[in-house]
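Visitor: Keeping their order, the protein sequence lines are chains A and B. Residue 346 in the numbering used here is what sits at position 346 of the first sequence, and the numbering runs on without skipping anything. Residue 528 in the numbering used here is what sits at position 24 of the second sequence, and the numbering runs on without skipping anything. C-beta atoms are modelled at their ideal positions from N, C-alpha and C, and glycine is treated no differently.
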Amino acid sequence: MGNLEFMLLPFQQPILILLIALGVFLGIYIGAIPGLSATMAISLLVSFTFSWETNSALAIMMGIHCGVVYGGSRSAILLNIPGAPAAVATGLDGYPLAKKGLAGEAIGISTVSSVIGGYIGVIALAFGAPLISGLALKFSPRDYLLLAFMGLMLVGSLGTKSMVKGFLSAAIGVTLGMVGMDPLSGTPRFTYGNVYLMAGIDYITAMIGLFGVSEVLQQVLDRDAPVVKQKIDRIVPSFKTVVKYLPLSIRSSIVGVLVGALPGAGGDLSALITYDQAKRTVKNPEVPFGEGAIEGLVAPESANNATIGGAFIPMLTLGIPGDAVTAVMLGALTIHGLKPGPMLMTDTPHLFYFIVMSFIIANLFLLIFGLTGVKIFTKIVEIPKGILFPSIIILSVVGSYAINNSLYDIFWMLGFGVLGYVLKRYDYPVAPAVLGIILANLIETNYRRAIILDRTVPKMLLGFFTNPISHFLLAIIVMMFVTQSTKYKAFRDARAAKRSEKSS
Amino acid sequence: MENKTKPGEKGFAFVLLGFGIFVLVSAVDMYRQSPSVSSYGAMPLFLGILLTVFSLIIIVQNFRKESAISGKRFSEQASVALRHLFSKDVTVMILLLLLYSIALFLGAGFTVATSIYLLVGNELPDEEELSEKCSLYSAGYGVCAFGI
């Protein structure tokens with residue numbers, strides 16, 4: 001009964017519903033503008049909602065999160081430019097549909113699929129999180145250390161051209177996270193006598209710089225790209241169409257939840273996996289994949305929205321973010337008094353159920369806003385970059401200043417922005433660096449606790465093989481490492497080539 | 505894997521190696537003060553080693569690849585790499601942001617500084633207008649800061 005009361009909180013304060021709606025609305029348009037990612041939007045929002053009341057801040061952030069992940073699909077369909085990484089697979093069949101003049105239908109079906117995926121993700125979060133939370137209480141510091149490494153390894157290796165570059169970026173992040181006073185003994189590290197550095201590097205400032213400013217600098221390079229004008233017609237799909245694709249939508253959503261629940265794997269990966277899966281399993285699509293198959297839209301769109309709920313499970317119950325967006329959300333929740341981890345369900349169950357309800361409401365608004373206002377949307381996507389960039393820069397400046405009311409932070413943000421830009425220019429991913437800064441404390445405290453408990457490094461390492469939870473986590477890490485190695489990839493490609501030869 | 509590196513990519517790997525060595529040296533110093541595997545210097549030491557090793561791997565990987573600027577003199581290579589990294593548009597954007605931050609820091613006030621930033625920054629200047637816009641911008645901020 002208590003949990004139901006917590007869930008009904010938004011209905012007692014209608015302003016919260018309005019904030020969720022506003023978040024979804026803004027999220028759809030932010031997500032649709034190429035270059036404005038979910039991570040960037042939420043990291044900027046964190047600093048603005050810093051002084052807000054917790055529920056209001058959570059309401060708008062949940063709304064934005066849902067909206068941004070969906071919003072990326074619109075520009076993918078209309079312009080063939082995915083607004084967000086999670087929409088990369090959507091463009092593969094969405095854009096060919098738009099070229100055939102079926103953009104309205106594509107947007108409609110992608111909206112409905114996203115909402116179905118979103119609801120399946122919420123169900124998984126509501127029922128999965130309490131279970132995982134109970135299990136997480138049995139985790140030792142050693143297991144947390146393994147979990148954090150697992151998160152870093154996944155973010156570092158997935159979606160990047162070079163695994164080493166991903167790991168290097170993660171190591172830079174963890175090193176930056178070490179700046180300041182040591183969390184256990186209070187000894188200053190890497191401060192070089194600078195008092196300002198004693199408090200450490202603020203990760204929100206780092207996030208704004210690495211995601212926001214660096215993205216603007218990167219986008220400046222192709223500021224002369226022409227703006228494509230679009231025409232939109234009917235977008236609400238028929239009931240028959242929705243029912244036809246429902247099994248695929250449910251199947252893809254389940255995969256999305258599972259991928260999202262893995263620390264480090266986000267919506268982009270789940271969308272690509274389910275697209276590939278749909279391509280293999282759908283026998284006779286009306287139109288071949290890649291030429292405008294509806295199945296090629298349904299699968300990734302259901303999956304990437306289901307991933308949101310899935311990614312929240314490890315983030316809320318273990319304190320390990322599922323992907324870069326949830327890493328930013330983790331920081332936001334911590335600022336607002338939530339302590340993501342196994343005690344979340346015991347200490348702050350009201351906030352957990354509020355988050356669940358916010359997602360439910362956000363998905364409802366996603367359906368409403370997703371099927372309407374497409375004409376206004378096309379205008380927003382056409383905003384000249386000369387107006388867009390300075391606006392993002394000002395939001396970044398205000399955001400980084402607002403965290404500590406410190407003008408020094410603006411210079412830090414600028415520094416991180418340039419660093420992020422240089423890293424991106426040479427294909428070093430920045431998400432592992434941000435995740436590293438956030439997870440640095442968790443990694444270090446758990447490593448040192450584990451060493452203190454086990455007394456020596458060999459004993460700690462031996463513990464990985466004797467404790468069943470550590471055993472399991474270590475097996476996953478080894479499997480991840482093997483499947484990402486070039487030798488395994490070469491073996492997999494050779495096997496796939498043999499298969500296709502046989503079938504042809 | 506791509507077989508060509510971007511201009512300056514090889515040099516950047518050396519910069520990262522330098523950072524790794526710097527972290528490693530600082531960490532060794534910390535570790536010496538408290539030599540224990542659970543001390544405050546243990547994790548930085550581990551990270552310093554990781555940074556150095558990963559940078560070396562990248563250097564070796566880059567070494568096998570061709571570079572678009574190989575065969576040129578070092579100064580030429582450095583200039584091409586810098587131009588690749590900091591094109592005029594990007595440099596102007598960074599400079600504008602730096603000036604904006606300095607103006608805020610010197611007390612020009614958010615409203616004034618932001619108005620000027622928006623006025624100048626809403627249209628990125630062409631190469632010919634570059635110096636003109638930058639001087640206008642600096643002069644605007646200078647006057648404001650002086651006035652306040």
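According to the Cβ coordinates, are Leu45/A and Ile64/A closer than 8 Å?
Guide: For Leu45/A and Ile64/A, yes; Cβs fall inside 8 Å.
Visitor: Alpha carbon to alpha carbon, how far is Leu125/A from Phe578/B?
Guide: In a straight line, the C-alpha of Leu125/A is about 56 Å away from that of Phe578/B.
Visitor: From the beta carbon of Pro548/B, is the nearest beta carbon of chain A less than 8 Å away?
Guide: By this cut-off, Pro548/B is an interface position.
Visitor: Distance cutoff 8 Å, beta carbons only. Does Phe558/B sit that close to anything in chain A?
Guide: Phe558/B counts as touching chain A.
Visitor: Quick check on this structure: which residue in Ser540/B, Gln537/B, Thr556/B has the alpha carbon closest to the alpha carbon of Thr175/A?
Guide: Thr175/A has its Cα closest to that of Thr556/B, out of Ser540/B, Gln537/B, Thr556/B.
Visitor: Going by the CB atoms, is the gap between Ile116/A and Ser253/A shorter than 8 Å?
Guide: Yes, these two residues count as a Cβ contact at 8 Å.
Visitor: Keeping to the same chain, check which residues put their C-beta closer than 7 Å to that of Asn566/B; ignore five residues upstream and five downstream.
Guide: Same-chain partners within the cutoff: Thr509, Glu513, Lys514, Ala517.
Visitor: Using the Cβ count rule (16 or more neighbours within 10 Å means buried), how would you classify Leu435/A?
Guide: It is buried - the Cβ of Leu435/A has at least 16 other Cβ atoms within 10 Å.
Visitor: Leaving out five residues on either side along the sequence, give the residues of the same chain with a beta carbon under 7 Å from the beta carbon of Leu26/A.
Guide: Closer than 7 Å at Cβ, skipping near neighbours: Ile64, Gly67.
Visitor: Using the C-alpha atoms, what's the distance from Phe389/A back to Ile652/B?
Guide: Bear in mind that a pLDDT of 48 at Ile652/B, under 50, signals an unreliable position, so the number given afterwards is only what the model happens to contain. Their backbone Cα atoms lie some 28 Å apart in a straight line.
Visitor: Lys510/B CB to nearest chain A CB: under 8 Å?
Guide: Yes, Lys510/B counts as interfacial toward chain A.
Visitor: Taking 8 Å as the threshold (beta carbon to beta carbon), is Leu601/B in contact with chain A?
Guide: Leu601/B counts as touching chain A.
Visitor: Excluding the 5 residues preceding and the 5 following Glu301/A in the sequence, name in chain order all residues of the same chain whose CB lies nearer than 7 Å to its CB.
Guide: Around Glu301/A: Ser73, Thr90, Ser110, Ser113, Ser114, Gly117.
Visitor: Helix, strand or coil, according to DSSP, for Ile652/B in the structure here?
Guide: Unreliable positioning characterises Ile652/B in this predicted model, as indicated by a pLDDT of 48, which lies under 50. The coordinate reading is nonetheless provided below. Note: Ile652/B maps to coil in three-state DSSP.
Visitor: Looking only at C-alpha atoms, which of Tyr119/A, Ala59/A, Tyr203/A sits nearest to Tyr401/A?
Guide: Of the listed residues, the one whose Cα sits closest to Tyr401/A is Tyr203/A.
Visitor: Looking only at C-alpha atoms, which of Asn446/A, Tyr488/A, Phe239/A sits nearest to Asp143/A?
Guide: Asp143/A has its Cα closest to that of Asn446/A, out of Asn446/A, Tyr488/A, Phe239/A.
Visitor: Which value, in whole angstroms, describes the spacing of the CA atoms of Gln277/A and Thr466/A?
Guide: In a straight line, the C-alpha of Gln277/A is about 37 Å away from that of Thr466/A.
Visitor: When DSSP labels each residue in this structure, what does Met181/A get in the three-state scheme?
Guide: The answer is strand: DSSP assigns Met181/A an E or B state.
Visitor: Using 8 Å as the Cβ pair cut-off and three pairs as the minimum, do the segment 395–412 of chain A and the segment 174–192 of chain A touch?
Guide: The segment 395–412 of chain A, when compared against the segment 174–192 of chain A, does not touch it at the 8 Å Cβ threshold.
Visitor: Kindly say whether Ser455/B, judged by its beta-carbon, lies nearer than 8 Å to any beta-carbon of chain A.
Guide: Coverage of chain B is limited to positions 505 through 652, which leaves residue 455/B absent and any answer about it impossible.
Visitor: Check Pro10/A in the structure and name its three-state DSSP category.
Guide: Note: Pro10/A maps to helix in three-state DSSP.
Visitor: Return the residues of the segment 175–194 of chain A that lie within a Cβ-Cβ distance of less than 8 Å from chain B, sorted by chain order.
Guide: So the list reads Thr175, Met178, Asp182, Leu184, Ser185, Thr187, Arg189, Phe190, given in the order they occur along the chain.
Visitor: Kindly indicate which three-state DSSP category Thr509/B falls into: helix, strand or coil?
Guide: It is a strand residue.
Visitor: Below 8 Å between beta carbons: does that hold for His336/A and Leu58/A?
Guide: In contact: His336/A and Leu58/A (Cβ atoms closer than 8 Å).
Visitor: Under 8 Å, with one C-beta from each stretch per pair, do the segment 601–609 of chain B and the segment 534–552 of chain B reach the 3-pair mark?
Guide: The segment 601–609 of chain B is not in contact with the segment 534–552 of chain B.
Visitor: What residue range is occupied by the uninterrupted alpha helix (DSSP H) comprising Val216/A?
Guide: Per DSSP, Val216/A belongs to the alpha helix (DSSP H) from 214–220.
Visitor: Shortest alpha-carbon distance to Phe411/A belongs to which of Val164/A, Val213/A, Ser185/A?
Guide: That would be Val213/A, whose Cα lies nearest to the Cα of Phe411/A.
Visitor: Just verifying my parser: in three-state terms, what is the DSSP assignment at Thr189/A?
Guide: It is Arg, not Thr, that sits at residue 189/A in the sequence shown. The answer is strand: DSSP assigns Arg189/A an E or B state.
Visitor: At 9 Å on the CB atoms, spell out the chain B contacts of Phe11/A, in chain order.
Guide: The contacting residues do not exist; Phe11/A stays about 38 Å from chain B at best.
Visitor: DSSP beta-bridge partners for Ser571/B?
Guide: Per DSSP, Thr509/B.
Visitor: Measure the CB-CB distance between Gly121/A and Asn3/A and report whether it falls below 8 Å.
Guide: Their beta carbons are not under 8 Å apart, which means Gly121/A does not touch Asn3/A by this criterion.
Visitor: Show which residues of chain B have a CB atom less than 7 Å away from the CB atom of Ile320/A.
Guide: Those do not exist, as Ile320/A stays about 18 Å from chain B at its closest Cβ, beyond 7 Å.
Visitor: At the 8 Å Cβ level, is Thr615/B part of the contact set with chain A, yes or no?
Guide: No, its Cβ sits nowhere closer than 8 Å to a Cβ of chain A.
Visitor: Residues of chain B with CB closer than 8 Å to the CB of Leu407/A, please, in chain order.
Guide: Residues of chain B passing the Cβ test: Ser605, Leu608, Phe609.
Visitor: Using the beta-carbon of each residue, which ones in chain A are nearer than 8 Å to Tyr621/B?
Guide: Here the neighbours are Pro390, Ile393, Ile394.
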